[in-house]
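Structure, as structure tokens:
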């Protein structure tokens, strides 16, 4: 009876585990997979273009130095599908950004989430809570 | 069976169920503005399939991301799993390993890739199906079927006027007066095998393209078979099979994708590969990300 119960439990556990989407490692050879940095910054440019849109912003590090960050999202059609637009960001916007940085320590990374001046949150690459960043194929 | 043990198992199961549901709710569902997906029509009962009709604007039925296969052919991604290992010939494996894609188990950083596509070389066929299948319009005429593809704003013609595929795929032509030339998009002919199934055969490919986004190879002996099955009034099932005796020891199924019919006025967004934009992206992002910008 005990063995049968354990068997049922293990089966149920397996079904539940495999019901949650599992995302394989996608096109992130340069990135520190799973690492998240959240910071405040000032937008300096928002490039709406193929192959990826990218955001340039200035943030201040722990030592008070201004760091020039460049972070990418997916391409414009994908970003439109996720509620973004060319007008989502503009130079001077004060934002809070969560990024997945690159491994080499440069201020470069995937833009995962940005909180806009009006409080609205926009997500890219599945958002900050996504364990691993999927790719769109570029 | 100790009651405490059973209670623990139930508690774990409840936590897992709750986590899965919460995860699903927190997922933002991407959608193209104005498009309709199967998840919008739960419980629907579609009408009967029209006969010999593929025309219209088609979108992946499960959502815009369902046609995106970054790690290679949807049925056989480059993920290292044994069941997804392709039946390479020696030449096929050698060519695959010479490719440096940005996705899949052999991926490299963007700045180090030798993928021809990011630099705006034509993606070609069948990679347009196996990499980024997006909103597409199918137009039927008495002589052919023309498909307009969103990704990099491309189109291709499938002839239904009875002509045969080029007999020599390594020196392809539709015949005099056309001189032989391999094409990035190959040569395609199609026919209805019944009132709801349209089969397309293609050959004559330019082998400078890659088969998919994970760097799988193709040769000028590639033969692609697409089967389009009109399931009902809103669904079309697409299946793509690869047969390339230079690169693979046997045919294999690369893609199965269900499409949903959209309203005729749905815009196919512009998506162009502009070398100037790619250069800017490499300078500002890809090169620093790979640490090769000299700084």
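Protein chains in written order, with the numbering used here: chain F, 72 to 209; chain S, 12 to 306.
A virtual CB, placed ideally from N, CA and C, is assigned to each residue, including glycine.
1. Using a beta-carbon distance cut-off of less than 8 Å, what residues from the stretch 107 to 140 of chain F approach chain S?
2. Look at residue 192/F and residue 108/F and say whether their C-beta atoms are less than 9 Å apart.
3. Can the beta-carbon of residue 162/S be found closer than 9 Å to that of residue 65/S?
4. Distance cutoff 9 Å, beta carbons only. Does residue 103/F sit that close to anything in chain S?
5. So with CB distances below 7 Å, who are the chain S contacts of residue 143/F?
6. Please compile the residues from chain F whose C-beta is within a distance smaller than 8 Å of the C-beta of residue 250/S.
7. Counting only Cβ pairs nearer than 7 Å, list the residues of chain S close to residue 195/F.
8. Secondary structure at residue 249/S, three-state DSSP: helix, strand or coil?
9. Report buried or exposed for residue 7/S, applying the criterion of at least 16 other Cβ atoms within 10 angstroms of its Cβ.
10. Sort 178/F, 182/F, 197/F, 199/F by Cα distance to residue 139/F and report the nearest one.
11. May I have the straight-line CA-CA distance separating residue 69/S from residue 84/S, to the nearest angstrom?
12. Would residue 292/S pass as an interface residue toward chain F - the criterion being a Cβ-Cβ separation below 9 Å?
13. Report the residues of the stretch 164 to 186 of chain F with a CB closer than 7 Å to any CB of chain S, ordered along the chain.
14. Taking 9 Å as the cut-off, decide whether the C-beta atoms of residue 268/S and residue 77/S are in contact.
15. Measure the beta-carbon distance from residue 115/S to residue 217/S and round it to whole angstroms, keeping in mind my assumption that it falls under 8 Å.
16. Could you tell me which residues DSSP pairs with residue 143/F in its beta bridges?
17. Considering only residues of the same chain and omitting the five flanking positions on each side of residue 200/F, which have a CB-CB separation below 7 Å?
18. Less than 7 Å between C-beta atoms, sequence neighbours within five positions excluded: which residues of the same chain meet that for residue 90/S?
19. By the 10 Å Cβ neighbour count, where 16 or more other Cβ atoms means buried, how is residue 154/S classified, buried or exposed?
20. Looking only at its own chain, which residues have a Cβ that is under 6 Å from the Cβ of residue 234/S, when we skip the five neighbours before and after it?
21. Bridge partners for residue 168/F per DSSP, in chain order?
22. Could you name the residues of chain S that residue 188/F contacts, counting a contact when the two beta carbons are closer than 9 Å?
23. What is the rounded straight-line gap between the Cα of residue 157/F and the Cα of residue 291/S?
24. Any C-beta of chain F sitting closer than 9 Å to the C-beta of residue 108/S?
25. Examine the Cβ distances between the stretch 243 to 254 of chain S and the stretch 156 to 175 of chain S and report whether three or more of them are shorter than 8 Å.
26. Keeping to the same chain, check which residues put their C-beta closer than 6 Å to that of residue 63/S; ignore five residues upstream and five downstream.
27. Whole beta strand (DSSP E) runs in the stretch 82 to 164 of chain S with 3 or more residues, listed along the chain?
28. Does the stretch 159 to 174 of chain F come into contact with the stretch 108 to 121 of chain F, if we say contact requires no fewer than three beta-carbon pairs (one atom in each stretch) closer than 8 Å?
29. Within the same chain, show all residues whose beta-carbon is closer than 6 Å to that of residue 277/F, passing over the 5 residues directly before and after it, in chain order.
30. Does the Cβ of residue 273/S have 16 or more other Cβ atoms within 10 Å, making it buried, or fewer, making it exposed?
31. Residue 287/S lies in the beta strand (DSSP E); which residues open and close that run?
32. So for residue 38/S, helix, strand or coil by DSSP?
33. Please report the straight-line C-alpha distance between residue 151/S and residue 157/S, rounded to a whole angstrom.
34. Taking residue 301/S as the reference, give the member of 119/S, 170/S, 262/S, 195/S with the closest Cα.
35. Between residue 208/F and residue 174/S, what straight-line distance do the alpha-carbon atoms span, to the nearest angstrom?
36. Using CA atoms only, rank isn't needed, just tell me which of 240/S, 264/S, 167/S is closest to residue 61/S.
By the coordinates alone:
1. 118, 120, 121, 122, 123, 125, 127
2. For the purposes of this step, residue 192/F is taken as residue 121 along the first chain, with counting starting at 1. For the purposes of this step, residue 108/F is taken as residue 37 along the first chain, with counting starting at 1. Contact: no.
3. The sequence position of residue 162/S within the second chain is 151, counting from 1. The sequence position of residue 65/S within the second chain is 54, counting from 1. Their beta carbons are not under 9 Å apart, which means residue 162/S does not touch residue 65/S by this criterion.
4. The sequence position of residue 103/F within the first chain is 32, counting from 1. Chain S contact via Cβ: absent.
5. Locating residue 143/F in the first chain gives position 72, counting from the first residue. What residue 143/F touches in chain S: 296.
6. By one-based count along the second chain, residue 250/S stands at place 239. Simply none; closest approach about 20 Å.
7. Position 124 of the first chain, counted from the start, is the residue given in the question as residue 195/F. The premise fails here: residue 195/F is roughly 10 Å from chain S at the closest Cβ pair, so nothing lies under 7 Å.
8. Taking the second chain and counting its residues from 1, one reaches residue 249/S at position 238. The answer is strand: DSSP assigns residue 249/S an E or B state.
9. This structure does not reach residue 7/S, given that chain S is present from 12 up to 306, and the question cannot be answered.
10. Counting from 1 along the first chain, the entry for residue 139/F is found at position 68. Among 178/F, 182/F, 197/F, 199/F, the Cα nearest to that of residue 139/F is on 178/F.
11. On the second chain, position 58 is the one that residue 69/S refers to. On the second chain, position 73 is the one that residue 84/S refers to. Each residue's Cα considered, the two are about 20 Å apart.
12. As a working note, residue 292/S is residue 281 in the second chain. It does; some Cβ of chain F falls within 9 Å.
13. 173, 175, 177, 179
14. Numbered from its first residue, the second chain carries residue 268/S at position 257. Numbered from its first residue, the second chain carries residue 77/S at position 66. In this structure, residue 77/S lies closer than 9 Å to residue 268/S by Cβ.
15. Here residue 115/S is taken as the residue at index 104 of the second chain, counted from 1. Here residue 217/S is taken as the residue at index 206 of the second chain, counted from 1. Actually they do not touch by this definition, with Cβ atoms about 22 Å apart.
16. As a working mapping, residue 143/F is identified with position 72 in the first chain. According to DSSP, which records beta bridges pairwise, residue 143/F is partnered with 125/F, 181/F.
17. Along the first chain, one-based indexing puts residue 200/F at 129. Excluding sequence neighbours, residue 200/F sits near nothing in its chain.
18. Working through the second chain from its first residue, we reach residue 90/S at position 79. Result list for residue 90/S: 82, 116, in chain order.
19. Locating residue 154/S in the second chain gives position 143, where the first residue counts as 1. When all chains shown are included, residue 154/S counts as exposed.
20. Start at 1 with the first residue of the second chain, and residue 234/S comes out as number 223. Only 214, 254 meet the Cβ criterion.
21. In the first chain, counting from the first residue as 1, residue 168/F sits at position 97. According to DSSP, residue 168/F bridges with 110/F, 185/F.
22. Translated into the one-based positions of the first chain, residue 188/F becomes position 117. Neighbours of residue 188/F on chain S: none; closest Cβ ~21 Å, over 9 Å.
23. Position 86 of the first chain, counting from 1, holds the residue named residue 157/F. Position 280 of the second chain, counting from 1, holds the residue named residue 291/S. Residue 157/F and residue 291/S: Cα-Cα distance of roughly 17 Å.
24. For the purposes of this step, residue 108/S is taken as residue 97 along the second chain, with counting starting at 1. Taking Cβ atoms only, chain F never reaches closer than 9 Å to residue 108/S, which makes this a no.
25. no
26. On the second chain, residue 63/S is found 52 positions in, with the first residue counted as 1. Contacts found: 203, 206.
27. 147 to 151, 155 to 160
28. yes
29. Any question about residue 277/F goes unanswered here, given that chain F covers just 72 to 209.
30. For the purposes of this step, residue 273/S is taken as residue 262 along the second chain, with counting starting at 1. When all chains shown are included, residue 273/S counts as buried.
31. By one-based count along the second chain, residue 287/S stands at place 276. Segment 286 to 292 is the alpha helix (DSSP H) holding residue 287/S; no beta strand (DSSP E) there.
32. What you label residue 38/S is simply residue 27 of the second chain in a count that begins at 1. Bear in mind that the predicted position of residue 38/S carries a pLDDT of just 43, short of 50, making it unreliable; the figure below should be weighed with that in mind. Residue state, collapsed to three classes: coil.
33. One-based indexing of the second chain puts residue 151/S at position 140. One-based indexing of the second chain puts residue 157/S at position 146. Using only the alpha carbons, I get a separation of about 6 Å.
34. Here residue 301/S refers to the residue found at position 290 when the second chain is read from its first residue. Among 119/S, 170/S, 262/S, 195/S, the Cα nearest to that of residue 301/S belongs to 119/S.
35. Your numbering for residue 208/F matches position 137 in the first chain. Your numbering for residue 174/S matches position 163 in the second chain. Since pLDDT at residue 208/F reaches only 48, below the 50 mark, its modelled position is unreliable, and the value read off the structure follows with that caveat. Cα to Cα, the separation comes out at about 35 Å.
36. Indexing the second chain from 1 puts residue 61/S at position 50. The candidate whose alpha carbon is nearest that of residue 61/S is 240/S.
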